[in-house]
Structure formats: C-alpha cells, structure tokens
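Trainee:
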C-alpha cells in the first residue's frame with residue numbers, strides 16, 4: 009500500500025509541477041483593462057512516498073483550451089475585473105484567513121493585474137511573484153483550487169542530496185491541519201483522516217510535510233476526490249508550498 013500511496017501522490021506532484029512549468033515557460037502576462045486585446049491514495053502508513061520523476065514543460069492542452077491575459081478582448085477583461093472584485097477577491101481573503109501565517113505572499117499583493125490565464129471556462133490563474141494561484145468558479149461560487157511556489161516545485165522535483173542525513177521533521181501537527189482545514193471547508197476532520205509524511209524522505213524539500221486530508225473510501229485504502237479532500241505541502245518554515253483542493 010505504501011507503493012500505491014506514493015505512486016498517486018507522485019502523480020499529483022508531477023501534475024502540479026507540470027502546470028507551473030507551463031505557466032513559467034510561457035512568461036508573465038499581466039492585465040491592463042485599458043490595453044489592446046492574453047486518486048489520491050492513502051495506506052495509513054507513515055512510511056515515505058515514492059520519489060516523483062522529472063517532468064517536461066510540454067503542454068498537454070490544445071491552444072484553444074487555455075487563454076492568456078493578452079488574448080482577452082476588452083469586454084472579457086472588464087467582465088473578469090468585475091468577477092475578481094465580486095467573487096475572486098472575497099474567496100482569496102477567506103482562504104488566506106483560514107491559512108493565516110502559512111501563505112507565501114501578502115494578501116494585499118493579490119490584484120487583478122496579476123491575472124495570467126484562463127484554463128477552460130472555470131479556472132483562472134494569477135501569478136503573484138513566483139507563486140501560481142488558481143481559482144475555480146463553479147455555479148457562481150469561487151474558491152481557491154491550487155497553489156504552487158516556484159522554489160517548492162523545484163525542490164519537490166529534485167532528489168535528496170547524497171551523503172547527507174535527511175531532515176524528517178515536519179512543521180505542522182494534525183491539530184494544526186484540522187483547524188486550518190475546518191476554517192477553509194467548514195468541516196472538522198478526525199485525526200485519523202489526516203495523514204502527515206515528511207517530504208525529506210522522498211525529495212529535496214527538507215523539513216517539510218506532505219499532508220492529505222479527507223475521508224477514506226469504503227475499503228480504507230485510498231481517498232477519493234471530492235470537494236472536501238485537500239492535498240497540501242508545507243515547507244520547513246511552515247508556509248504552503250503546494251495546495252490542491
């Protein structure tokens with residue numbers, strides 16, 4: 009079961025790193041409204057997950073599926089600016105308060121100017137410095153869907169240094185996670201529904217933590233995807249490196 013958990017977590021990390029790599033490889037794309045027309049697995053074991061493999065920066069999406077900020081029309085920009093003020097900004101504020109002290113950027117630094125691209129019809133990505141933040145808009149309700157820091161992506165996709173003792177400490181406790189996720193989702197999970205594993209056992213991110221939160225399925229061997237299940241990675245300073253909901 010250790011191999012099953014590690015394999016799926018590795019796949020999630022690879023997906024996250026691939027998306028971030030795609031965004032950075034395409035360069036920044038800020039918005040100016042006046043400008044011209046841009047199976048989670050769980051074994052119950054605290055053993056180390058398998059090491060993810062290297063990724064490439066080739067996009068798996070057709071060009072029409074993603075739309076950069078510079079490709080939006082003036083009308084689309086105005087509509088998106090209104091949506092940012094009425095839906096995205098409040099969602100980011102609520103989420104930031106839930107993970108207060110754990111966010112790798114300041115809330116005031118998140119502005120509409122950081123809009124980078126739209127993926128499909130419901131996912132909107134902002135680049136805040138070297139951090140990728142994606143929100144999803146479903147049925148008129150916006151929420152934070154994904155976060156990845158650039159340095160975190162590099163560390164997660166690197167191997168531990170040879171000849172050194174890995175740092176297997178973790179910067180968060182189950183109770184810390186339960187409180188944060190409750191503020192985020194409104195659900196108080198049981199300690200048995202929170203898995204914490206040291207990142208230092210699997211990759212170059214020393215002193216961090218892989219965290220999986222969610223209810224197990226009937227057979228108890230893995231967590232199914234739902235609107236409540238959350239995957240998080242914390243760096244050694246206790247701040248979020250990766251978030252996926």
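Numbering (this note's numbering), first residue to last: 9 to 253.
For every residue, glycine included, the Cβ atom is placed at its ideal position computed from N, Cα and C.
Since we're looking at a predicted model, the values are computed, not measured.
What would DSSP say about residue 239, mapped onto helix, strand or coil?
Mentor: strand
Trainee: Look up residue 178 in the DSSP assignment and say whether it is helix, strand or coil.
Mentor: coil
Trainee: Grab the span of the beta strand (DSSP E) containing residue 127 for me, first residue to last.
Mentor: 123–127
Trainee: Using only the heavy atoms of the ligand SAM, determine whether one of them is closer than 7 angstroms to the beta carbon of residue 154.
Mentor: The ligand SAM is not part of the structure shown, which contains no ligands of any sort.
Trainee: Any chance you could list the beta strand (DSSP E) runs of at least 3 consecutive residues sitting entirely within the region 92–161, in chain order?
Mentor: 123–127, 131–136, 139–146, 149–157
Trainee: Taking the CB atoms as reference points, tell me whether residue 163 and residue 213 lie closer together than 8 angstroms.
Mentor: yes
Trainee: Is DSSP giving residue 196 helix, strand or coil here?
Mentor: coil
Trainee: Once DSSP output is grouped into helix, strand and coil, what is the label at residue 252?
Mentor: strand
Trainee: Report, in whole angstroms, the separation of the C-beta atoms of residue 182 and residue 199, which I expect to be a contact under 8 angstroms.
Mentor: 5 angstroms
Trainee: Residue 139 to residue 171, Cα distance in whole Å?
Mentor: 31 angstroms
Trainee: Less than 6 angstroms between C-beta atoms, sequence neighbours within five positions excluded: which residues of the same chain meet that for residue 100?
Mentor: 118.
Trainee: With DSSP collapsed to three states, give me the class of residue 74.
Mentor: In the structure shown, residue 74 sits in a strand (DSSP, three-state: E or B).
Trainee: Roughly how many whole angstroms lie between the Cα atoms of residue 240 and residue 209?
Mentor: Going from the Cα of residue 240 to the Cα of residue 209 covers about 16 angstroms.
Trainee: Using C-beta distances below 7 angstroms, list every residue in its chain close to residue 106, excluding the 5 sequence neighbours before and after it, in chain order.
Mentor: 188, 191, 192
Trainee: Please state the DSSP three-state secondary structure of residue 173.
Mentor: DSSP places residue 173 in coil when its eight states are reduced to three.
Trainee: What is the rounded straight-line gap between the Cα of residue 253 and the Cα of residue 169?
Mentor: Each residue's alpha carbon lies about 31 angstroms from the other.
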